[in-house]
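As they're listed, the protein sequences go chains A and B. Okay, so the first sequence: first residue is 0 according to numbering that gives the first Met the number 0, each after it adds one. Okay, so the second sequence: first residue is 0 according to numbering that gives the first Met the number 0, each after it adds one. No residue lacks a Cβ here, since even glycine has one placed at the ideal position from N, Cα and C. The next block holds one structure in the form of structure tokens; read it before the comments.
2 protein chains.
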Amino acid sequence: MQERKPNAERRAETRAALIGAARALFLEKGFADTGTPEIVRHAGVTRGALYHHFEDKTAVFAAVIAAEANAVQADVEAAAPGRDREALLDGATAWFEAMRQPGRARLLLLEGPAVLGISEMRRIDRERGGAGLREAMISARPDTDEAEIEALADLVSALFDRAALAIEDGAEPGAYHASIRRIIITLGQ
Amino acid sequence: MQERKPNAERRAETRAALIGAARALFLEKGFADTGTPEIVRHAGVTRGALYHHFEDKTAVFAAVIAAEANAVQADVEAAAPGRDREALLDGATAWFEAMRQPGRARLLLLEGPAVLGISEMRRIDRERGGAGLREAMISARPDTDEAEIEALADLVSALFDRAALAIEDGAEPGAYHASIRRIIITLGQ
DNA sequence: GAATTAACATACAGGCTGTATGTATGCAAG
DNA sequence: CTTGCATACATACAGCCTGTATGTTAATTC
């Protein structure tokens, strides 16, 4: 008779193994081309475990996306702990650095919105790094109403997202960095 | 014995029926949630016809995306035939108008890149409206090297895309339009 | 320590994709 | 004008995948 671990620990380990395996496969091949049989094989469990922990394959994907977003936020906050303009620039650099992880941009910026929907992704972002950008917008243009601040922050993040995707796709980072800087400067005027 | 139409006509009609049916379903439910059995039912043919005309389901999707991109370009060019700055602003307005077709933004700006890949979508765009934006960038900032022009045009189109997606998702158009107009005008100075 | 429940594993049903094969008609050559 | 081939499909099939239903074992609770 094998001794088993306490339920809480067992549960946490299985869940982590599933998310880890799914993360690797989603990063490598994307959501549609990754099947649950392959995920559980890599995780060393069965599909029963997966469907015990997650409602469906999309829920596994959502958990992976959340974990990736957490990792990115951790990297950015480690590199730029403050809230001033200096920290914002460092944060941008760190964000681009974090986005160089292969497949990450596609997962977070392309498949995430496509699979989970815009609003769900917006919610995930808002619970994490999104607030910083809005604060920066407010400090840059204090006399702007809230809706426009919201839109501005969203548009600026669209610039970053597109640049990261283009770079992952083989574009020269230099031109994008320079152009983003130029657009943001004009925005600040 | 029924008389049949000449092959060329027959082929064109079947293909059009397939793309039309697929377009409606993709717009309504997206790529993943639309099956080929449903497409061919709506088109009044069988799956055999679909796989005779297209290599796989993704190829059908690519054809729909191309058709949608054509439709958008036609609308924009009809509303803004010129090449000057005036035409660019009119074109922007027309583009937003065209993007209000339900599901279109999600299809062209979200699922297209996710399913077909960034580079394929970039190719489709480049064969159509993309050139206009690049020309506008060049005329606005003649003393900029090509790579940066490329990046600038891509980033500006990212602003448009994000705005259209946000609007389709229920955001207030006003704030986005205002912010984008500000960016474009400032870039032109 | 008996009952309950959590954490899985196994088995199954249905649907979908892509391919292989069959068929009827258009079309072209002689 | 008919004979042979190619085109444009339709039908049939194999395999995979998803989600659910059911079974099993050990931890937990009372």
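In three-state terms, what does DSSP make of G81 (chain B)? When secondary structure is reduced to three states using DSSP, G81 (chain B) falls in the coil class, being assigned neither helix nor strand.
Looking at C-alpha atoms only, which residue of B:G116, B:G169, B:P172, B:A139 is the closest neighbour of G169 (chain A)? Selected option, being the one with the closest Cα: B:G116.
Nonlocal neighbours in the same chain, by C-beta distance under 6 angstroms from A163 (chain B), ignoring five residues either side: Excluding positions up to five away in sequence, the list reads M98, A104.
Against chain B, does T33 (chain A) count as a neighbour if the rule is that its beta carbon must be under 9 angstroms from one of theirs? Using a Cβ-Cβ cut-off of 9 angstroms, T33 (chain A) does not count as an interface residue toward chain B, since no Cβ of chain B sits closer than that to its own.
Where the alpha helix (DSSP H) through M120 (chain A) begins and ends: In this chain, the alpha helix (DSSP H) harbouring M120 (chain A) covers 117-125.
Give a yes or no on whether the minimum CB-CB distance between S178 (chain A) and chain B is below 9 angstroms. Output row for S178 (chain A): interface = yes.
Please list the residues of the region 95-124 of chain B that have a C-beta atom closer than 7 angstroms to any C-beta atom in chain A, keeping them in chain order. Residues of the region 95-124 of chain B with a C-beta less than 7 angstroms from any C-beta of chain A: L109, E110, P112, A113, I117, S118, listed in chain order.
Backbone secondary structure at R3 (chain B) - three-state DSSP: Collapsing the DSSP output to three states places R3 (chain B) in coil.
What is the DSSP secondary structure of Q72 (chain B), counted as helix, strand or coil? Here DSSP, grouped into helix, strand and coil, assigns Q72 (chain B) to helix.
Among the residues of its own chain, which have a CB less than 8 angstroms from the CB of A23 (chain A), if the five just before and after it don't count? Result list for A23 (chain A): H41, in chain order.
Got a sec? Which residues, its chain only, sit under 7 angstroms from A16 (chain A) by beta carbon, not counting five neighbours each side? Here A16 (chain A) has A42, G43, V44 as same chain residues with Cβ atoms under 7 angstroms from its own Cβ, once five neighbours each way along the sequence are excluded.
Near I18 (chain A), which residues of its chain fall below 7 angstroms by C-beta distance, leaving aside the five closest residues on each side in sequence? So the list reads A62, V63, A66, once near-sequence residues are dropped.
Under 9 angstroms by beta carbon: chain B residues contacting I182 (chain A): Per Cβ cutoff of 9 angstroms: L151, L154, V155, L158, I182, T185, L186.
Where does M98 (chain A) sit, in a helix, a strand or coil, going by DSSP? In the structure shown, M98 (chain A) sits in coil (DSSP, three-state: anything other than H, G, I, E or B).
Chain A within 9 angstroms of D142 (chain B), Cβ atoms only: Closer than 9 angstroms: no.
Okay, do the region 6-15 of chain B and the region 144-154 of chain B touch, 3+ Cβ pairs below 8 angstroms being the bar? The region 6-15 of chain B vs the region 144-154 of chain B: no contact.
Throw me the rounded Cβ distance for the D74 (chain A) and A93 (chain A) pair, which I believe falls under 8 angstroms. Rounded, the Cβ-Cβ distance is 6 angstroms, consistent with contact.
Could you check if T33 (chain A) is buried or exposed, using at least 16 other CB atoms within 10 Å of its CB as the buried criterion? Per the 10 Å Cβ criterion, buried.
Once the 5 residues before and after K56 (chain B) are set aside, which same chain residues still bring their CB inside 7 angstroms of it? T35.
Inter-stretch contact at 8 angstroms, needing at least 3 Cβ pairs: the region 75-90 of chain B / the region 129-147 of chain B: Judged by Cβ distances under 8 angstroms, the region 75-90 of chain B makes contact with the region 129-147 of chain B, as three or more pairs qualify.
Can you give me the C-alpha to C-alpha distance between F60 (chain A) and F25 (chain B), rounded to a whole angstrom? For F60 (chain A) and F25 (chain B), the distance between alpha carbons rounds to 22 angstroms.
Is DSSP giving T92 (chain B) helix, strand or coil here? In the three-state DSSP reduction, T92 (chain B) falls in the helix class (H, G or I).
Would you mind stating whether L158 (chain B) and L158 (chain A) have Cβ atoms separated by less than 9 angstroms? For L158 (chain B) and L158 (chain A), yes; Cβs fall inside 9 angstroms.
Would A61 (chain A) count as contacting chain B if we go by Cβ distances under 9 angstroms? With a threshold of 9 angstroms between beta carbons, A61 (chain A) makes no contact with chain B.
Excluding the 5 residues preceding and the 5 following L108 (chain B) in the sequence, name in chain order all residues of the same chain whose CB lies nearer than 6 angstroms to its CB. If we look at L108 (chain B) and ignore the five residues flanking it on each side, its Cβ neighbours are D160, L164.
L24 (chain B) touches chain A at which residues, Cβ-Cβ below 7 angstroms? Result: empty, since nearest Cβ-Cβ is about 17 angstroms, beyond 7 angstroms.
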